[in-house]
Amino acid sequence: MLGALALTLSACGGDDNDAKTTSAANGTTTSASTTASSGGSGSAPDEGFNPGDWPVFGRDRDNTRYAPQDSINEETISRLGEAWHSDLGGNQWLNEAFPIVVDGVAYVTTSTNEIYAFDGATGRVKWKYAPKVDFSLSSGVGGYGIVVNRGVAVADGKVYMLTFDCRLKAVSAATGEEVFSTQVDDPRTGAYETMSPTVYNGLVYVGNSGSDQGVGGFVAAYDARTGREVWRFDTIPPVGQGWRRRDTGGGTVYMAPTIDTQTNRVIFGTGNPSPAIVGTRRPGNNLYTSSLVALDATTGRYVWHHQVVAHDLWDYDAASPVVLFDTVVDGERKRMVAEAGKSGWLVMLDAETGRQVHDRLSFVRQQRSKPTTTPTLQCPGPLGGSQYDPLAYSPRVDAVYVSGIDFCFMLAVSDERLPGESRFGGTRTFPQDGRASGSFSAVDMKTGRFIWRKRMSTPMGAGAMVNGADIVFTVDQLGWIYGFDAADGRELWKANIGLAGAAAPVLYTIDGVDYIGVATGGSGLTSSNDFGPIGSRFTVLKLDGRRVIPARAPRNPSADD
């Protein structure tokens with residue numbers, strides 16, 4: 018590990034210049050003492066959800082991606098087959114959608130912002146919502162494989178989605194008819210939206226994308242009934258204050274915030290500062306970029322932060338969503354938060370204070386130095402580590418499951434401004450061999466050490482899901498879906514589902530039958546490196562499923578099917 022990466026290990030470390038310039042709803046920037054309000058255990062049934070559903074991004078509020086159903090187990094897993102699939106419209110070479118399943122209806126988005134409502138058991142299309150979206154406003158972004166949508170939120174009879182041109186849409190969960198549309202950012206600045214929103218206690222939480230375009234990040238809360246903004250927390254200062262100068266930005270929030278119902282906090286990761294490679298125009302630690310941040314969920318008041326990479330020079334977003342869990346460390350009961358970012362480190366913190374509990378853990382190769390005008394090897398590169406893919410946590414094994422991308426780049430400082438990366442401030446090229454591989458690992462949360470690790474021949478960029486039979490599922494860039502023993506890593510089963518995987522599976526139950534759903538088709542990484550077949554599809558598996566999985570079917574579904 019190179020000393021060039023300075024870490025902020027305390028709850029609110031960093032230089033004074035940074036701390037004074039962060040703006041929030043009430044302007045507070047000090048480290049807050051705990052102001053907990055009881056909110057339950059964070060499990061899905063606490064809010065009246067159907068226990069067989071996958072009602073929120075990570076199935077429960079803690080974002081664990083743990084489903085307690087156990088009918089798919091070591092004895093039965095070989096019987097998994099396709100129940101149904103649907104080839105989706107939109108961009109036919111990208112699909113990073115994370116499905117939501119509520120009351121037997123599976124809500125799946127396309128990269129071009131359509132929403133499909135499927136009967137989760139049969140695949141029948143109940144309705145489709147296709148808003149008009151201007152993909153040209155965020156100039157140059159489309160060429161970098163990021164015109165995607167990562168899913169919806171469902172609450173109180175409404176389905177919420179963020180469109181690429183920065184609008185929060187609410188539609189009827191029953192009919193797909195639009196309820197309201199609210200502009201949350203200005204795409205003419207380079208901002209765009211790919212994240213799934215989060216809904217909790219009558220508020221819709223959203224962030225934004227566009228760090229490499231010089232956009233400043235934020236998390237905002239909107240009234241779930243009206244779309245009115247309630248509060249906004251800016252992750253970096255305004256232009257002209259603190260470290261931020263003209264043509265700098267960053268700290269955008271790419272993935273769904275996680276709600277800690279035990280403390281009434283919203284916790285999220287932030288993107289890199291920009292220019293991403295040239296740091297001379299942005300002195301200091303550049304708070305709150307490349308960080309984890311906790312806010313009061315009701316007011317937006319700052320509670321704590323942990324900066325993973327201070328003065329980031331390597332494009333090391335803390336982009337993936339955080340996971341919360343309770344464990345025992347050194348005999349003490351502790352609530353923790355974990356996140357795996359593009360740095361290739363798993364970060365494990367005290368959820369109360371943001372302080373580090375275990376040393377950071379590298380899950381891919383680590384080699385880097387401060388960028389210069391001479392190209393140097395950076396491992397992981399900007400497409401390595403863990404991108405947006407979520408962790409999973411098993412309370413039975415007390416382990417977090419991490420998917421990794423082992424992909425190095427050659428990095429050099431230059432004044433060149435690439436299309437779609439107007440604030441990048443450097444050049445990046447693939448190493449001579451251009452090869453990328455992956456890893457999939459289980460980490461013991463009592464110790465912060467690996468339980469098992471698997472080297473994979475292809476990048477693992479989808480994330481994971483774990484069930485009550487101690488099987489952890491993931492999917493790779495070649496279209497293979499795997500079932501591993503969650504405790505020892507043994508491969509119990511795998512099948513090829515025809516298209517590259519770029520989103521983690523979900524598990525839901527309808528009429529006593531357990532289904533595994535996965536959106537496949539590829540990501541920007543897949544399309545740029547030809548790892549596997551690409552398209553746009555939602556595939557559902559069940560025990561004794563009889564359908565043959567096709568290589569690819571071009572027809573789009575419609576509500577008339």
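Here the sequence shown is numbered in my numbering, starting from 18 and rising by one per residue. For each residue, glycine too, the CB sits at the ideal point set by N, CA and C.
- DSSP places I276 in the uninterrupted beta strand (DSSP E) bounded by T275 to D277.
- In this chain, the beta strand (DSSP E) harbouring M178 covers K175 to L179.
- Residue burial annotation: G174 is exposed, with fewer than 16 other C-beta atoms found within 10 angstroms of its C-beta.
- R96 has no beta-bridge partner at all, per DSSP.
- In the structure shown, R263 adopts coil according to DSSP, grouped into three states.
- The region 188 to 233 contains no complete alpha helix (DSSP H) run of 4 or more residues.
- With a cutoff of 8 Å on beta-carbon distance, V125 and G137 are scored as not near each other.
- If you draw a straight line from the Cα of D329 to the Cα of D120, it comes to about 44 Å.
- Here R78 is buried: its Cβ has 16 or more other Cβ atoms, across all protein chains shown, within 10 Å.
- Nearest to G193 by C-alpha distance, out of K145, G317 and P300, is K145.
- With respect to V221, Y177 sits close: the two C-beta atoms are nearer than 8 Å.
- With a minimum length of 3 residues, the unbroken runs of beta strand (DSSP E) contained wholly in the region 285 to 356 fall at 308 to 313, 319 to 324 and 340 to 346.
- Taking every protein chain shown into account, the CB of S308 has 16 or more other CB atoms within 10 angstroms, so this residue is buried.
- Excluding sequence positions up to five before and after G219, its CB lies within less than 6 Å of the CB of A241, all in the same chain and listed in chain order.
- S474 has no beta-bridge partner at all, per DSSP.
- Between the alpha carbons of T297 and A520 lies a distance of about 36 Å.
- Annotation for W248: the continuous beta strand (DSSP E) segment containing it runs E246 to D251.
- The closest CA to that of S103, considering only G227, A486 and L516, is found on L516.
- Per DSSP, reduced to three states, the secondary structure at E508 is strand.
- Beta-bridge partners assigned by DSSP to D561: none are found.
- Proximity of the region 258 to 266 to the region 318 to 326 falls short of the contact definition, fewer than three beta-carbon pairs being nearer than 8 Å.
- For I89, there is no enclosing beta strand (DSSP E), as DSSP marks it with neither H nor E.
- When rounded, the separation of the alpha-carbon atoms in P204 and Y405 is 21 Å.
- Ranked by Cα distance from T81, the options L495, T526 and Y418 are led by Y418.
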